[in-house]
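Inspection log for the structure reproduced underneath, given as structure tokens.
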Amino acid sequence: MDIEIKTWLFDMLNAISEIESFVADRPLLFANYQADLRTKRAVERNVEIIGEAMNRIMKKDTSIHITNSRKLVDVRNRIIHGYDSVSDEVIWGIVVRHIPILRAEIEALLGN
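Sequential numbering from 325 applies to the sequence shown in this note's numbering.
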């Protein structure tokens with residue numbers, strides 16, 4: 325695997341670890357997330373990083389398969405360019421449904 329792609333995959337893993345750490349100290353409830361502006365902004369930033377890294381990977385090697393890769397890029401674009409229309413529900417859905425799958429897929433790609 326290309327060194328740049330590995331780097332971007334590790335960037336994604338680091339962002340996933342940060343997201344997990346932001347929500348690890350309390351029950352995994354949407355109300356907790358929605359009430360904590362700092363956590364929301366930190367999670368959004370890491371989703372941006374994941375989306376940007378995914379975008380770079382998709383441009384460099386179309387054979388890399390990650391579930392919902394296009395949607396990750398689309399959410400990144402929405403956060404950056406449509407900041408006023410970012411949905412807490414969408415971001416929370418990524419945290420609880422997609423992040424665990426994404427972590428497993430990246431670890432498999434990296435051979436961890």
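All C-beta atoms in this analysis are idealised placements derived from N, C-alpha and C, irrespective of residue type, glycine included. Predicted model, so just to flag it, every value in this text is computed and none were measured.
query	result
Given this structure, state the Cα-to-Cα distance separating I438 from A432, to the nearest angstrom.	Any property of residue 438 remains undetermined from this structure, which presents the chain solely from 325 to 436.
Does the beta carbon of E372 fall short of 6 Å from some heavy atom of the ligand FMN?	Looking for the ligand FMN in the displayed structure turns up nothing, as the structure carries no ligands at all.
Between the beta-carbon of I403 and the beta-carbon of E372, is there less than 7 Å?	yes
DSSP state of S409, grouped into three classes?	helix
Residues in the same chain with beta-carbon distance under 6 Å from N379, minus the five sequence neighbours each way, listed in chain order, please.	V397
So, with DSSP's three-state summary, where would you put T331?	helix
Nearest CA to the CA of L426: which residue from K384, R394, D360, V410?	R394
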